[in-house]
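Visitor: In the working numbering, the protein residues as written are 3 to 298. Even for Gly, the Cβ is constructed at its ideal location relative to N, Cα and C. Sharing a structure here in structure tokens format.
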Amino acid sequence: MSDHHAAEAGEVRRFWGRLGLPGLVDVHTHFMPERVLNKVWDYFEAQGPLTGGLAWPIAYRKEETERAALLREFGVRAFTSMLYPHKPGMARWLNGWAADFACRTPDCLHTATLYPEQDVEAYVGEAVEAGARVFKAHVQVGAYDPADELLDGAWGLLAEAGIPVVIHCGSGPAPGKYTGPEPVARVLARHPRLRLVVAHLGMPEYQDFLGLAERHPEVRLDTTMAFTDFTEGFMPFPRGALPRLAALGDRVLLGSDFPNIPYPYVHQLQALGRLGLGDDWLRAVCHDNAAALFGL
Ligand SMILES: [Zn+2]
């Protein structure tokens with residue numbers, strides 16, 4: 003590990019150490035097959051339209067083993083391998099890779115994904131049987147309606163099993179055809195117990211997604227990229243909504259988007275700390291809520 007990363011790891015450890023935590027749980031990190039991840043990185047660095055045309059240099063463009071080692075150095079006790087298809091016929095293959103990755107990476111929560119297609123209920127069931135503990139759905143990149151009838155059986159199965167689904171459904175950094183609160187509200191109308199974890203705090207529709215969580219006790223939010231200088235520069239969180247965020251303190255989960263972030267990991271933590279919501283809120287968000295959800 004470089005001196006630079008050793009210093010950063012020290013800063014991250016001081017953050018959770020001061021709170022008296024045993025480490026962090028990060029529900030939103032990306033590990034995927036190398037050639038897919040390389041494509042994602044190239045896309046971000048070329049400032050493609052889905053990134054909102056923002057300059058987005060990848061801070062941790064490294065080998066897979068180095069990236070996992072770095073999370074351990076940071077003291078991240080558990081993380082995920084968020085991966086997602088952008089077209090049909092791809093999810094089953096991604097799920098096979100993720101099962102293998104979880105097998106060789108014991109601190110990664112076995113992750114799976116889905117897409118509206120004929121065999122989705124079958125392969126979601128297989129992933130659950132194989133021990134998947136969290137799913138990722140990407141409504142923006144996948145460009146599908148989450149309330150598509152083809153997904154109905156899969157949502158029902160995941161609701162029944164109580165398996166959380168981290169869902170990128172907000173219209174940040176750029177809107178998609180089916181992003182925003184309305185399609186997800188239709189999913190929850192049919193499956194009110196579905197454990198959706200709204201990624202990125204639903205940015206930029208923060209208030210709508212806070213409302214969704216307030217109305218549905220199983221809905222949670224992840225902090226991924228929220229409150230950072232980068233995000234505040236173009237999709238600021240409305241200060242007036244901070245009391246609502248404080249009140250939902252048992253359903254907000256730390257997420258980072260590591261390694262696909264244009265700033266150091268510790269900045270996400272500092273961005274949460276400076277909200278001034280207190281140490282109890284930070285302990286819950288950075289560790290305890292996810293530890294309870296995943297039985298860690
Ligand atoms: Zn992400």
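1. Tell me the rounded alpha-carbon separation between Val14 and Ala292.
2. Exposed or buried, which one is Ala70 when buried takes at least 16 other CB atoms within 10 Å?
3. Decide yes or no for the touch test of the region 207–214 against the region 179–187: beta carbon pairs closer than 8 Å, at least 3 of them.
4. Identify the continuous alpha helix (DSSP H) that holds Lys41 and give its terminal residues.
5. Determine the DSSP secondary structure at Arg222, reduced to helix, strand or coil.
6. Only counting the same chain, and skipping five residues up and downstream in sequence, which positions put a Cβ closer than 7 Å to that of Ala161?
7. Measuring only between beta-carbons, confirm whether Glu128 sits less than 8 Å from chain D.
8. Give a yes or no on contact between the region 114–122 and the region 61–79, applying the rule of three or more CB pairs nearer than 8 Å.
9. To the nearest angstrom, how far is it from the Cα of Pro240 to the Cα of His289?
10. Taking the runs of the beta strand (DSSP E) that are 3 residues or longer, which of them lie wholly in the region 91–127?
11. With burial defined as no fewer than 16 other Cβ atoms inside 10 Å of the residue's Cβ, what is the status of Glu131: buried or exposed?
12. What is the DSSP secondary structure of Leu255, reduced to helix, strand or coil?
13. Excluding five sequence neighbours on each side, which residues of the same chain lie with their C-beta closer than 8 Å to the C-beta of Arg222?
14. Would you mind working out which of Glu220, Lys41 and Ala163 sits nearest Ala187, comparing C-alpha positions?
15. For Thr233, which three-state DSSP category applies?
16. Which two residues bound the contiguous beta strand (DSSP E) that contains Ala80?
17. Within the present structure, is the beta-carbon of His32 separated from the nearest heavy atom of ligand 1 by less than 7 Å?
18. Taking all protein chains shown into account, decide if Trp58 is buried (16 or more other Cβ within 10 angstroms of its Cβ) or exposed.
Guide: Looking at the coordinates:
1. Translated into positions along the sequence shown, residue 14 becomes position 12. Translated into positions along the sequence shown, residue 292 becomes position 290. CA-to-CA, the gap between Val14 and Ala292 works out to about 18 Å.
2. Start at 1 with the first residue of the sequence shown, and residue 70 comes out as number 68. Within 10 angstroms of the beta-carbon of Ala70 lie 16 or more other beta-carbons, which makes it buried.
3. Three or more pairs of CB atoms, one per stretch, sit closer than 8 Å, so the region 207–214 contacts the region 179–187.
4. Working through the sequence shown from its first residue, we reach residue 41 at position 39. Note, Lys41: alpha helix (DSSP H), Glu36 to Glu47.
5. In the sequence shown, counting from the first residue as 1, residue 222 sits at position 220. Looking at Arg222 - three-state DSSP - the assignment turns out to be strand.
6. In the sequence shown, residue 161 corresponds to position 159, counting from 1. Excluding sequence neighbours, Ala161 sits near His193, Arg195 and Leu196.
7. Among the chains in the structure shown there is no chain D, since it carries only a single protein chain.
8. The region 61–79 and the region 114–122 do not touch, with fewer than three beta-carbon pairs separated by less than 8 Å.
9. Here residue 240 refers to the residue found at position 238 of the sequence shown. Here residue 289 refers to the residue found at position 287 of the sequence shown. Take the alpha-carbon of Pro240 and the one of His289: they are about 25 Å apart.
10. Those beta strand (DSSP E) runs which fall completely within the region 91–127 and span 3+ residues are 113–115.
11. The sequence position of residue 131 within the sequence shown is 129, counting from 1. Glu131 should be labelled exposed.
12. For this step, residue 255 is matched to residue 253 along the sequence shown. Looking at Leu255 - three-state DSSP - the assignment turns out to be strand.
13. The residue you call residue 222 lines up with position 220 of the sequence shown. Excluding positions up to five away in sequence, the list reads Pro166, Arg197, Leu198, Val199, Val200, Ala215, Arg253, Val254, Leu255, Asn291 and Leu295.
14. Counted from its first residue, the sequence shown places residue 187 at position 185. For the options Glu220, Lys41 and Ala163, the alpha carbon positioned closest to that of Ala187 is the one of Glu220.
15. Taking the first residue of the sequence shown as 1, we reach residue 233 at position 231. Thr233: helix per DSSP, three-state reduction.
16. The sequence position of residue 80 within the sequence shown is 78, counting from 1. Run containing Ala80: Val78 to Thr82, per the beta strand (DSSP E) assignment.
17. The residue given as residue 32 occupies position 30 in the sequence shown. Within 7 Å of the C-beta of His32 there is at least one heavy atom belonging to ligand 1.
18. On the sequence shown, residue 58 is found 56 positions in, with the first residue counted as 1. Under the 10 Å beta carbon count, Trp58 is surrounded by 16 or more other beta carbons and is classified as buried.
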